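> Mind looking over this structure? Questions follow.
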Amino acid sequence: MKDNSKNLLPPSSFISRTWRLGALGALIALVALVGGVGFVSYQEQNDRFCISCHTQPETQFFERDAQAVAQQSATDLASFHYRTKGIRCIDCHVGEGIVGRAAVISIATWDAFKHYTGLQHQPATLVIPVQNAACIKCHEADLRKPGFENHYHNAYFDPNLSPPYISCVHCHVTHRVGDERTAFQFRDAILPRCEYCHEQTGHGPRGQATPMP
Ligand code: HEC
Ligand code: HEC
Ligand code: HEC
Ligand code: HEC
Ligand code: HEC
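Position one of the sequence shown corresponds to residue 4 (the numbering used here), numbered consecutively onward.
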């Protein structure tokens, strides 16, 4: 009898060994995960890391940065940022707030999978739009400058007007080649946005631009 019970139940030392192995496995997985996120968060700070996977046109975005520094003149708003203050890809693409950051980390993990399994397509399609907060964290003072000439920026803080009427990147197209002397303003991007808000609020001029896409 004594021997039988021994055969039916695994010895207690066996149970605790499985448990310990399981716990060790879980711990290793956890360390790998945290380490992975930590490693990526560290690597992200380097624009070369982005370019290690991305090809055209993103490699061109990267080249524009170097060009902007060399020529003391930028060809797009993103490289203007790089030239004036060394602002990197991740400064705009990091994902704002806990939710924004988590979304970027998840999509980046999926993107890494796509890259290593050959599922990636180029050019990359934007899944997570760059949020207003990504710009406002550096530009709040510009937006708050009072005066009619800044009414569309001031509107950001008017709960009735923003969102949906103010999206920084609708007017400030970031990777499109433009002119530094005009602060990369594109009439075809900006004017429909001005008029859209005028339309909605019933104030201000409209009817000059082609309707918003
Ligand atoms: C000043 C902020 C800013 C910086 C710096 C920046 N981006 Fe962007 N990026 C944007 C915005 C905003 C968009 C959305 C499309 C647009 O407005 O041009 C975008 C779009 C993209 C897209 C989507 C595809 C596309 O063409 O729209 C990729 C990929 C991208 N950026 C990669 C990069 C890389 C790589 C760098 C660094 C070399 C970088 N970005 C630097 C703001 C920025
Ligand atoms: C491990 C490879 C890899 C690295 C490193 C990488 N990317 Fe990507 N990225 C991808 C792939 C793959 C896609 C998806 C392309 C597709 O199929 O549309 C992508 C998509 C994107 C997009 C568009 C999707 C979205 O998020 O909305 C942006 C923006 C972007 N990457 C920016 C960056 C920036 C900025 C860096 C550096 C901080 C970076 N990537 C580093 C592989 C990578
Ligand atoms: C309806 C279009 C529109 C929207 C939306 C918009 N801007 Fe602007 N922004 C402009 C125009 C036009 C200028 C050029 C003003 C000038 O040079 O006289 C400008 C200029 C700027 C400048 C240069 C400094 C300055 O104040 O002249 C910054 C910084 C800026 N915008 C940031 C932002 C941010 C951040 C957002 C989002 C909260 C935003 N903008 C939304 C149209 C817009
Ligand atoms: C990390 C901080 C930072 C982020 C993020 C950032 N900017 Fe800027 N931006 C700057 C600085 C610094 C300047 C240069 C100011 C100067 O030289 O007076 C600048 C300049 C500008 C200008 C003026 C360009 C010119 O030619 O005069 C515009 C427009 C602008 N930013 C829009 C944006 C938009 C739109 C976003 C979001 C997609 C953004 N910025 C994100 C820091 C930032
Ligand atoms: C978020 C909403 C919003 C956006 C975006 C916006 N406006 Fe306006 N605009 C208004 C409102 C509201 C008024 C009327 C309030 C006032 O007269 O102060 C107005 C009035 C005007 C007027 C007429 C002033 C008058 O005395 O009749 C002009 C000109 C104007 N806007 C130009 C622009 C331009 C140019 C842009 C784009 C760069 C723009 N607006 C973007 C909301 C907006």
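For each residue, glycine too, the CB sits at the ideal point set by N, CA and C. All values derive from a computational prediction rather than experimental measurement.
Excluding the five sequence neighbours on either side, which residues of its own chain have a C-beta within less than 7 Å of the C-beta of cysteine 138, listed in chain order?
Closer than 7 Å at Cβ, skipping near neighbours: Cys171.
> Terminal residues of the continuous alpha helix (DSSP H) containing isoleucine 101?
Taken as a continuous stretch (DSSP letters only), the alpha helix (DSSP H) holding isoleucine 101 covers 100 to 119.
> Measure the alpha-carbon distance for asparagine 163 versus glutamate 61 and round it to whole angstroms.
If I take the Cα positions, the gap works out to 37 Å.
> Do tyrosine 155 and ligand 6 come close, with the Cβ less than 6 Å from some heavy atom?
Summarising the ligand content, the structure contains ligand 1, ligand 2, ligand 3, ligand 4 and ligand 5 and does not contain ligand 6.
> Are the CB atoms of arginine 91 and aspartate 50 within a distance shorter than 7 Å?
Their beta carbons are under 7 Å apart, which means aspartate 50 touches arginine 91 by this criterion.
> Is there contact here, the segment 79 to 87 with the segment 174 to 181, by at least three beta-carbon pairs under 8 Å?
The segment 79 to 87 is in contact with the segment 174 to 181.
> Jot down the residue ranges of each uninterrupted alpha helix (DSSP H) in the segment 115 to 172, minimum 4 residues, whole runs only, in chain order.
If we require 4 residues or more, the alpha helix (DSSP H) runs fully inside the segment 115 to 172 come out as 135 to 147, 154 to 157.
> Contact between the segment 91 to 104 and the segment 134 to 149 is defined here as three or more beta-carbon pairs at a separation below 8 Å; is this criterion met?
The segment 91 to 104, when compared against the segment 134 to 149, does touch it at the 8 Å Cβ threshold.
> Start and end of the alpha helix (DSSP H) containing isoleucine 54?
Taken as a continuous stretch (DSSP letters only), the alpha helix (DSSP H) holding isoleucine 54 covers 50 to 54.
> Report yes or no: do the segment 105 to 115 and the segment 142 to 151 share at least 3 C-beta pairs separated by less than 8 Å?
Cβ pair count under 8 Å is below three, so no.
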